Each structure stands twice: as C-alpha cells, then as structure tokens.
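Residues in the sequence shown are numbered consecutively from 18, following my numbering. Every residue, glycine too, gets a C-beta built ideally from N, C-alpha and C. Since we're looking at a predicted model, the values are computed, not measured.
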Amino acid sequence: MGWQSEWDRAKTDPEGFWMEAAQAIDWDTPPSKALHDQGGPVPEWFADGMVNACHNAIDRHVAAGHGDRIAIVHDSPVTGSITRITYGELQDRVARLAGALAARGVTVGDRVVIYMPMVPEALEAMLACARIGAIHSVVFGGFAAAELAVRIDDAKPKAVLAGAGGIEPSRVVPYKPLLDAAIDLASHKPDVCIVLARDGIDAPLGPRDVDWAEAVAAAEPHACVPVHGDHPAYILYTSGTTGAPKGVVRATGGHLVALDWSMTNVYGVRPGEAYWAASDVGWVVGHSYICYAPLIHGCTTIVYEGKPVGTPDASAFWRVIADHDVRVFFTAPTAFRAVKREDPKALQMEGHDISNLRAIFLAGERADPDTVEWIGRVAGVPVIDHWWQTETGWAIAANPIGLEHLPGKLGSPSVPMPGYDVQVLDDGGHPVAPGTLGAIAVKLPLPPGTLPGLWQAEARFKKSYLETFPGYYETGDAGMLDEDGYLWIMARTDDVINVAGHRLSTGAMEEVLASHPDVAECAVIGVADPLKGQLPMGFLCLTAGVDRPHEEIAREAVALVREKIGPVAAFKLAVVVDRLPKTRSGKILRKVMAQIADGAEWKMPATIDDPGIMAEIETAAASLGYPARD
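Written out as structure tokens, the structure is:
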C-alpha cells in the first residue's frame, strides 16, 4: 500500500485503520473499538483495552525466543565504555527495579520523577514504572533545582529515580545536590529517592535516599501490571509561554500502536536491527525513539553519552554508526551543523564503514537545504527531514520510507502521516490557497499516540491548543502546503514577522543565509522598528577555518537575502557570532534573542545548554545598534 492510499484510508476509516494497526501490540484485553469519547476535550484511543507497555517492550520478545538479542548498547565516550544488554538481561533488571519501587509503596497511577544521565538505567527506570503502572516524568539530568522543584510540585511523585551525576566532556555535573535543593524548595516531598552511584561522583545518601544497586539486588522481580489503554504512560514537561511548564500526557495504548506503526512505515526498520536516535531521555525524542519505539519493535537501541563534536571530535556520529551497525539514524539538524562546521570536508569519516546505514532522519529544528545536501553528499544515504512535536509524540509529516519512499523536496518535511489531516489556516480559521503562508493546524481528532491533555490542566489544554481554531489542534507553527500536498514549515507562529505590513518568514531568510559558503549556522529574529514595525536581524556562525573579515561576510549575507527574497524583506542587520544560544535538545532560542535585542525583560531559559552565551548575543545586538535608544 502506498502513502496516499494509507492516508486516505486513515481519514475515511480511522476505526478500521487503527484497529488493524493495534494488532501488532500484545493486549491483555483487546480494545472493543479504536476511538472512545471519554467526555474530555478530545476523544481517546483504545480506552477499554488492557495492556502493559513494558511487556510489549521487553517480555514478549523474550517469550518469542529473542532473549539473547541485544536490546541496549550504551556507548559512552565520556567514560570510555561500551555496554551491551540483552533483552533477557533487561527483563531481569527492569523487573527487579519495578520490584524495588513496589516494595516502597509505588503502585498504579503513582508518579515517579526520573532525573538521570544518558545511561541504560534511565531506560530501565522508565520501563520499570510502566511495568507496575506508575506514571513516569523524566526531567533532563542537571536541570536547575528551581525548575525541578516546579515539576515535583506539579507531578507530586511518590518516588524519584536519580543518577549521582552526569559526565560532560570537560566537567562533571553532580545531580544529587540539585535534587536535594529541589526537594527542599518543593512543597511536595517524595517518599523515597533511589540513587544510582557513578564512579568519581560523590552522592551521600540522606534519610529518604536508597542506593540503586542495593535496592535492586534485594528486590523480588515484579510482574507486568495491565492498565487501561487511556492510562497515562508518562508526563513530559514542555516550556509554556506563561513560564509555567506544561505537563504533556501520553496515553499508553495509542502510544504503543503509533510508535510501532511508525517504526515499520516511517523509518523502515526491521526487528533485530540497530536504530539510533541521538537525543536525550529528557526530551520527547528520547521517550519515543530511544526508549519505547525501538524496544517495542524488537530493535537494538543506542544510548549515546557524548556529543556530536568534542567526544573526541567530529567523527563521533560516523564511529557509532559503524561500530554498532546502525541502519537508521535520527538526530537534530543542529547536531549535523556542528559536525559540518568542525569538519566541512568530512575528513574524519575516514575509517568508519557506514555502508549498512539506510537513512538519516532529522527533526527538532528546520532542516535547511544546505545542511541536508551536505549530509547526503558525505553520508551517501537519503536524508529525510520530518516534523513533529512533544505534544504529538511521533511524526506529523514525514517521508514514510517504510511505506513508500516519496520524491523529496529540499526544505520540506514531505507529507502528512496517516491520521493527521493537516491544514493551513488564516487568522480567521479559513484554509488558505496552496503556497500561502498561514498557521498550521490539524483537524480533530488527532491520531493515536498524541496528547489527550495536559496533566491536571484541562482549561490550559483547551486554551493552548483548541480554542484559536475550533475543531482543530493548533500547532503553533507557520508554513504552507504546496500544490502537491507537501508541507513547508517556515517558523514558529511567533517567528513570522511583520515588516511594513508584509508577513515574512524568518525561516526563509535563514535558508538563504545558510546557503552562503562561509556560514555554518544562522538564526534570524524580528526586532522592533518605529518605521516598519519589525526588521529582521541575522546572527551568523562561520564554518571552521574561515579567515575573512566578519563585516565583509555580513555584507555578503545582506546582499544574498536582498537578491533571493527581495527588498521587501528589509534585511540590513547581520552580525557574526561564535555560537547561538540553544536548548540542550538543539533548538535555537530565537524568542529570548529577540527579547534581548529589543531591550525587553527576559528570563534565562531553564533548558539552555550554555547560559554564558547570552552575553555574546547582547554584545552582538548592541554592535548593530540594538536595543535602539531614543
């Protein structure tokens, strides 16, 4: 079946389409139907089925005779170690950790916060919660104490599973003092913290703390506990515009069905193959495609504790792909931009055989054509941009190579996936003509695996996603659909700027700037202008080895935008910087950059990778005369 016929079938017969997909999952009690009206803001999927996510990720593969298959490879250049764990070993480790939680009173529906580095135990923690029906909430390891405290107060966990610390290329980050400070700040106090020791990281245990290894060794293995299909598997907090984090909820049944379907049809991966998502368990990619999807599908998943560059150099991606026979690789465009910047001729790929790699998928930031073309040229495989969100849990739009490898279009994440009726709307909620910029929305209902709501915040869920365009899910992204039905994501809605009455995409300008031979990475923001309302301002990071006057490159960049987009863009402000401020998942913090340039109040983002970079942005904006003074 091709993409169009499957998309049509999911639209005209969602019941039949998703009930068929659900057959790939082991149900204790099969659902009576796919879509259920539970009385909430949106319908729920497979609500009356009984199922266990951990059983589907581990136990069923062991029962099928695949206990000796490698489930997890932990590749850790920061510690110089590689660890392989079979499905059989993983089953025992997870069952005992689940038993340790249950022995301390954790049961179905209780919340557990996970605060871990990129180690196998992070996945084991998630799966142990799923095994006993507890709801996990992973918080990025090393998150500031105040931000962790907010999440503890919102989720109200009975237990915390934590690592002693994380290891960076140039430093060690102790987590235990941050966790202790967060619990002191929080109104809610968890009953117990189970702490994973790491060599060289001091983590003294207090009255509520238990050593991980001792707790697991003493525990009885716990069986899988079936839960209803609409039972929350996890809460994942995403930044909110009000400053308070939003707890995105993922329901168990739809999560299992959608992720398994995506592994076959979107990524084209077969059970037993190695699949690598270079992300972190603190982000949705880590939940969906480091932990759950590969294991549900019976694959080997790579847990990588390192960086794209610097551990030790720009060869890291190629080495891991070669060493572990990775067939499909998934990362953020910004990671490859870092590799390209350090090693523009890909000389460090030499000696790494990646001939078994079939495809590279990109998501998390707009994949500019220059980066996509570079990856394809040096890797020699299809490079596929796809688009999705924390809220959706899996791809809204992609090129589904397992279903049908469609002709690609540089700059587009291709076409909507089955279950997503994507439309581009004007401010009044009316569909716009092909090729017209507008707000991207998805007609309800959303497919399985997407959020049914926010944790204990129904009114906020409606306001954030459902009220702007009644009958639609508002993505918050802007773009267009072309005449072939391909989707183009141009910017966050907030990043569409208004220059003298013209709505312009900062993403389109970034695409032009990235095509400059000396520019490795860039960001464009809108800054306030008394005459035109807003003006675009570009920040340019140069390719390693470029030794030309920065002012000259900036002038060329301005001329390039004027040539490709036209005078209407009014692009005159460009400056070279060494780095761009990003979240730990690689997203460029454009909104905060704009606030700095405008002289507005701004708050250091909790998810920022390097807080020190903000001073450089302030200096760069000032060199262009911003914030403008009377």
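- Inclusion of ALA74 and ILE313 in the CB contact set at 8 Å is warranted, their separation being smaller than that value.
- Taking a cut-off of 8 Å on C-beta distances, the segment 335-352 touches the segment 305-325, as three or more cross pairs fall below it.
- The continuous beta strand (DSSP E) containing HIS519 extends over residues 519-522.
- Between ALA162 and LEU195, the C-beta gap is smaller than 8 Å, which places the two residues in contact.
- Spanning the alpha carbons of ASP76 and GLY105 requires a straight line of approximately 8 Å.
- When SER332, LEU590, GLU573 are compared, the shortest CA-CA separation from GLY555 is found for LEU590.
- DSSP, read as helix, strand or coil, puts PHE34 in helix.
- Under the DSSP definition of a beta bridge, ILE413 lacks any partner.
- Taking C-beta separations shorter than 7 Å and ignoring five residues to either side along the sequence, the partners of ALA525 in its chain run MET507, ILE582, following chain order.
- For ALA331, the three-state secondary structure derived from DSSP is coil.
- Closest option to HIS91, judged by alpha-carbon separation, among ALA294, ALA147, PRO487, LEU641: ALA294.
- In the displayed model, ILE457 falls within a strand according to three-state DSSP.
- Considering only LYS479, VAL432, GLY493, the residue with the shortest C-alpha distance to GLY19 is VAL432.
- Under DSSP, LYS599 takes part in a beta bridge, and its partners are ILE605.
- Closest by C-alpha distance to ALA234, out of LEU213, ILE625, GLY223, ARG596, is LEU213.
- Distance from the CA atom of TRP300 to the CA atom of ARG477, rounded to whole angstroms, is 21 Å.
- For ALA376, DSSP records a beta bridge to VAL345.
- By the criterion of a C-beta distance shorter than 8 Å, ILE570 is surrounded in its chain by HIS533, ASP535, VAL536, LEU557, LEU559, VAL563, VAL593, once the five residues flanking it on both sides are discounted.
- By the Cβ-count criterion, VAL274 is buried, with 16 or more other Cβ atoms from all chains shown falling within 10 Å of its own Cβ.
- With a minimum length of 3 residues, the unbroken runs of beta strand (DSSP E) contained wholly in the segment 234-268 fall at 249-255, 263-268.
- For SER640, no beta strand (DSSP E) segment is defined; the enclosing uninterrupted segment is the alpha helix (DSSP H) at 630-640.
- ALA376 and TYR643 have their C-alpha atoms spaced approximately 43 Å apart.
- If you draw a straight line from the Cα of LYS50 to the Cα of GLY543, it is about 48 Å long.
- Annotation: the continuous beta strand (DSSP E) that includes TRP293 extends over 291-294.
- Counting only residues of its own chain and dropping the five nearest sequence neighbours on each side, ARG113 has a CB closer than 7 Å to the CB of VAL233, ALA236, PRO238.
- Note on the segment 110-182: whole beta strand (DSSP E) runs with a minimum of 3 residues are 128-132, 152-155, 176-180, in chain order.
- Cβ atoms of LYS263 and SER429 stay farther apart than 8 Å, at about 28 Å.
- The segment 118-132 makes contact with the segment 143-163: 3 or more CB pairs, one atom from each, lie closer than 8 Å.
- For HIS91, the enclosing beta strand (DSSP E) stretches over residues 87-93.
- Excluding residues up to 5 positions away in sequence, VAL129, ILE131, MET143, CYS146, TYR251 lie with their Cβ nearer than 6 Å to the Cβ of HIS153 in the same chain.
- For GLY616, the secondary structure class from DSSP, reduced to helix, strand or coil, is coil.
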